[in-house]
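Undergrad:
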Amino acid sequence: MLGYRSRYRCEYSKSIGIQGSDYVTYAKTITEEVISDLKGKFDYRKEYSPDLRQIYSQYLKDNPFLKECPKQEGKASEISAHDMEEAVKRATKLMVEYKKIDDNYINANPNVKQFNQTVYESNLKTKFNEFVSQELSKIKCLNKLETTIGLLSIKAPDIVTQNGDFCEMSQNVSLKVKTLGSKFMAAIDGKCNHLRQTNWGAAFRCQRRLLPANFADGVNKIPVASDGSPLPNERFISNKLLKQPWCDPDQTLSSMQMIWGQLMAHDVIKTIQYMGFGLRCCPTTGAPHSECVLINDIPQDRLTMAFSNQTCMSFARSIACNACQLGPRNEESLSIQMVDQWCSPSFRPYTPKRSQSAAECRPVLTVDELTTQLRAAISERKRISGTQVLTIGDNVVEYYLANQSDPPLMLRTEFISEDIGVGVFATQVIPKHTFICEYDGQLMDAQQAKVWEVFHALRAEGCYMYYFTHKSKRWCLDATAPTARFGRLLNHSRKHPNVKAVAVEYEGRPYVVLKTLREINVDEELRYDYGERDPAVIAAKPWLNTS
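Okay, so the sequence shown: first residue is 170 according to our numbering, each after it adds one.
Next up, the structure:
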């Protein structure tokens, strides 16, 4: 027997008198001393301090509405209920016109209807708040500093915040995550990457600004020059700054500089364009949509001439996310704020065995070829020998261990009952000795794992710890943290297992993979023997022996 999985030891340890005071002290130290509170919106140490406010005032001193109330500038703190009522009344009229434009565009361009309706609805609420912010700035004659910072402290109208929809987009802490501190891995949408500010870095959230925005009207209009004129054309600036002629090779730069920029833009700061990619901002007839930024009269050069003398660049603004907040427009993120290196050529582990095979002119199978052969093995019309399946399986195991993933389209999960929870089922016939998934978890030695068992028990979260021996050393894989992998979800069966755990080594590190003991039928649940033989644990969970 390879080892045992201690899924229920962590629960059982609660009944044998383990005290949690040390853990409570430890947790308090982490939350109060190591991870300090972040204060404010732009700088957690000096937010709105005299020093920073002086910096803000240098570029937020303009008042775009001064001509409408030349006698004095107002303060956001002076906004009254009557002012808010008047601003909402004006914003409602503007919103009706805005929605008409949207409806006409959507009817004329049916492909836009495929855009995410939840994101679109949140943007409409945001647009209403933008109109309210603009009208309040006009009514009180607010300068940019008051509009950008002062309006943040004013409660948004109840008409858009009464049900609380989308308010979490602009909050640092998720209202839907209840088990703070118990998740060791971030969720797939980026939540819990920070233990306390659980929304930091999550997708579909307001991007955090390093400095306050500097819109022309303080709310959402594109910035202009200091004299109020449009800023220079972007293409004109590029032509002036870059060396001529275009095709001279640079001795210090390469295409990797451009690729790095793409990596940052797509993996870290990517936002959602209004209506996705369906908004056409260079129409041949009629006026462009209000969410378009006009970039026309592009200076002609060899590159624009190559694209049919292009004179207009289609540029749609990003979706905004101030659904429950007044003040300047903020952008909504699309990606989680983490470089996951999905496209880095050096991310995949180096495999000497593959290189040696290539050097000896033996064909090295790609994952597509491996998958094709496995499907042939699984197909009822074409069978291959068990020896061939084992050989193919070894290559498949190496591939998926290297890429930290499980074979697709082979397994599915299904809720069984309240007592059992979720199980893993086959979506197709799976031959004997087939690799189905890795038991993925944090690798640690057995002594360290015992400490984590106590922590998991005190947190009452259950645990998924698999102990095994590899090269005479006791190891443990802790898969307690939820992931999208299948290994931690397979249920136990001592009497009728159809899967077994196998220890393998890949690039000097031990792994545990799960392989079939016999042919698995479609919709059959996959189970394996957890290997638990401790009398005390079995006494607490007798079905470990009977199932």
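Cβ coordinates follow ideal geometry from the N, Cα and C atoms, glycine included. Note that the coordinates shown come from a computational prediction; the quantities given were computed from them, not determined experimentally.
Measure from the alpha carbon of T316 to the alpha carbon of each residue in N273, E242, F297, A456, then state which is nearest.
TA: Here the question's residue 316 lines up with position 147 in the sequence shown. Among N273, E242, F297, A456, the Cα nearest to that of T316 is on E242.
Undergrad: With respect to the alpha helix (DSSP H) encompassing V301, which residues constitute its N-terminal and C-terminal limits?
TA: Here residue 301 is taken as the residue at index 132 of the sequence shown, counted from 1. Looking at the DSSP string, the run of the alpha helix (DSSP H) that includes V301 is 286–309.
Undergrad: Identify whether Q366 lies in helix, strand or coil by the three-state DSSP scheme.
TA: Here residue 366 is taken as the residue at index 197 of the sequence shown, counted from 1. In this structure, Q366 counts as coil in the three-state DSSP scheme.
Undergrad: When you compare the segment 453–471 with the segment 262–274, are there three or more beta-carbon pairs, one atom per stretch, that lie closer than 8 Å?
TA: Segments in contact, yes.
Undergrad: Take P233 and list the residues in its own chain whose beta-carbon comes closer than 6 Å to its own, dropping the five residues that flank it on each side.
TA: For the purposes of this step, residue 233 is taken as the residue at position 64 of the sequence shown. For P233, where only same-chain residues beyond five positions count, the Cβ hits under 6 Å are D386.
Undergrad: State buried or exposed for M338, treating a residue as buried only when at least 16 other CB atoms are found within 10 Å of its CB.
TA: As a position in the sequence shown, residue 338 is number 169, starting the count at 1. Its Cβ being crowded by 16 or more others within 10 Å, M338 is buried.
Undergrad: Within the segment 633–672, note down every full beta strand (DSSP E) run reaching 3 residues or more, in order along the chain.
TA: Runs of the beta strand (DSSP E) inside the segment 633–672: 634–639, 642–647.
Undergrad: Pick out whichever of V462, L578, F284 has its Cα sitting closest to the Cα of L400.
TA: For the purposes of this step, residue 400 is taken as residue 231 along the sequence shown, with counting starting at 1. Out of V462, L578, F284, V462 has the C-alpha closest to the C-alpha of L400.
Undergrad: Nearest to Y636 by CA position, among Y699, T596, C310, P381, is which residue?
TA: Counted from its first residue, the sequence shown places residue 636 at position 467. For Y636, the nearest C-alpha among the options comes from Y699.
Undergrad: Secondary structure at D614, three-state DSSP: helix, strand or coil?
TA: Here residue 614 refers to the residue found at position 445 of the sequence shown. Note: D614 maps to strand in three-state DSSP.
Undergrad: Check for me: the alpha helix (DSSP H) holding K269 runs from which residue to which?
TA: On the sequence shown, position 100 is the one that residue 269 refers to. Here the alpha helix (DSSP H) through K269 covers 250–277.
Undergrad: Using three-state DSSP, classify V591 as helix, strand or coil.
TA: For the purposes of this step, residue 591 is identified with residue 422 of the sequence shown, where counting begins at 1. Correct three-state label for V591: strand.
Undergrad: How close, in whole Å, do the beta carbons of C493 and E500 come, if the pair is a contact with beta carbons under 8 Å?
TA: Position 324 of the sequence shown, counted from the start, is the residue given in the question as residue 493. Position 331 of the sequence shown, counted from the start, is the residue given in the question as residue 500. 16 Å between Cβ atoms; not a contact.
Undergrad: Quick one: what's I689 bridged to in DSSP?
TA: Looking up residue 689 in the sequence shown gives position 520. Answer by DSSP bridge pairing, in chain order: I599.
Undergrad: Can you say whether H625 is buried or exposed, counting buried as having 16 or more other CB atoms within 10 angstroms of its CB?
TA: Along the sequence shown, one-based indexing puts residue 625 at 456. Result: buried.
Undergrad: State the Cα-Cα distance for the pair N714 and R377, rounded to the nearest angstrom.
TA: By one-based count along the sequence shown, residue 714 stands at place 545. By one-based count along the sequence shown, residue 377 stands at place 208. Cα to Cα, N714 sits roughly 53 Å from R377.
Undergrad: Cβ atoms of F335 and K294: under 8 Å apart, would you say?
TA: Locating residue 294 in the sequence shown gives position 125, counting from the first residue. Locating residue 335 in the sequence shown gives position 166, counting from the first residue. Yes, they are a contact pair.
Undergrad: For a test of the three-state rule: what should DSSP assign to E202, helix, strand or coil?
TA: The residue given as residue 202 occupies position 33 in the sequence shown. Bear in mind that the predicted position of E202 carries a pLDDT of just 34, short of 50, making it unreliable; the figure below should be weighed with that in mind. Helix, per DSSP.
Undergrad: What is the rounded straight-line gap between the Cα of L495 and the Cα of G319?
TA: Within the sequence shown, the letter at position 326 stands for residue 495. Within the sequence shown, the letter at position 150 stands for residue 319. Cα to Cα, the separation comes out at about 9 Å.
Undergrad: Identify the continuous beta strand (DSSP E) that holds I585 and give its terminal residues.
TA: Position 416 of the sequence shown, counted from the first residue, corresponds to residue 585. Residues 580–586.
Undergrad: Is the distance from the Cβ of L686 to the Cβ of N667 below 8 Å?
TA: If you number the sequence shown from 1, residue 686 lands on position 517. If you number the sequence shown from 1, residue 667 lands on position 498. Against a cut-off of 8 Å, the Cβ pair of N667 and L686 comes out as a contact.
Undergrad: Applying the criterion that 16 or more other CB atoms from any shown protein chain within 10 Å of the CB defines a buried residue, is I589 buried or exposed?
TA: Walking along the sequence shown from the start, residue 589 turns up at place 420. Per the 10 Å Cβ criterion, exposed.
Undergrad: In the DSSP output, which residue or residues are listed as bridge partners for T440?
TA: Along the sequence shown, read from residue 1 onward, the residue named residue 440 stands at position 271. BP columns for T440 point to S502.
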